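As numbered in our numbering, residues 3 to 164 make up the sequence shown, in order. We put the beta carbon where it would ideally sit given N, CA and C, even for glycine. Values in this document were obtained by computation on a predicted structure and should not be read as measured data.
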Amino acid sequence: MVILLAVLLSAMPVRPAAEAPRLVPELGAGKPLVLHFWATWCEACKEEFPRLRPELLGLPARGVAVALVSIDRPRDRRKAEKMLARYRLEKLPAVLLDAPEPDPVAMSVGDPHWDGTLPATFVFDAQGKLMRSFIGRTSARSLEQAVRGVTSNPTAEAPTRR
3 MVILLAVLLS AMPVRPAAEA PRLVPELGAG KPLVLHFWAT WCEACKEEFP RLRPELLGLP
63 ARGVAVALVS IDRPRDRRKA EKMLARYRLE KLPAVLLDAP EPDPVAMSVG DPHWDGTLPA
123 TFVFDAQGKL MRSFIGRTSA RSLEQAVRGV TSNPTAEAPT RR
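This is the structure in structure tokens:
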């Protein structure tokens with residue numbers, strides 16, 4: 003709970019990759035959750051943020067937790083914070099995950115097919131089960147449909163990938 007409070011109230015916290023398995027239960031806290039992985043050096047992330055911004059900002063009002071997970075190096079935390087401010091996303095919970103190798107992170111979010119490609123967006127139901135993965139860029143419409151699936155049908159069976 004203390005870590006969750008730090009994510010919500012302070013500058014972007016830096017967490018080691020070993021803590022990646024705790025992100026979903028901590029940040030979701032019994033709600034559907036959208037985890038969006040990105041980095042400052044990722045051109046596709048820069049192209050995607052403006053398109054996803056309205057959808058991402060609207061998630062908390064719909065009872066959906068959201069967290070923007072940067073995989074920049076800890077020394078680039080300020081750069082990551084500035085990028086979020088540039089895209090007017092700084093009000094959303096964000097964390098910098100020091101994850102030079104994507105494999106442990108991919109396993110912790112439950113999508114072994116994720117090879118670290120960015121951006122990557124994962125949609126979890128309220129029980130923390132991965133329901134949808136978007137590897138690479140996605141559209142606000144696709145994200146909206148995935149979120150609708152976890153908010154209106156919490157017993158959906160299998161995750162789907164794009």
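- Under the three-state reduction of DSSP, residue 53 is assigned to helix.
- In chain order, 14, 42, 72, 74, 98 place their CB closer than 7 Å to the CB of residue 82, counting only its own chain and leaving out the 5 sequence neighbours on each side.
- A Cβ-Cβ separation of about 19 Å leaves residue 90 out of contact with residue 64 under the 8 Å criterion.
- Residue state for residue 18 is assigned as strand, using DSSP reduced to three classes.
- Taking all protein chains in view, the Cβ of residue 127 is crowded by 16 or more other Cβ atoms within 10 Å, so the residue is classified as buried.
- Contact between residue 33 and residue 87 is absent: CB atoms are separated by about 25 Å, not below the 8 Å threshold.
- With a contact defined as Cβ atoms closer than 8 Å, residue 135 and residue 113 qualify at about 5 Å.
- By the Cβ-count criterion, residue 109 is exposed, with fewer than 16 other Cβ atoms from all chains shown falling within 10 Å of its own Cβ.
- DSSP places residue 77 in no beta strand (DSSP E); its state is neither H nor E.
- 49 is the residue among 49, 30, 22 whose C-alpha sits nearest the C-alpha of residue 121.
- Residue 125 is positioned such that its CB atom lies no closer than 7 Å to that of residue 107.
- Judged by DSSP secondary structure, residue 41 falls outside any beta strand (DSSP E); it is assigned neither H nor E.
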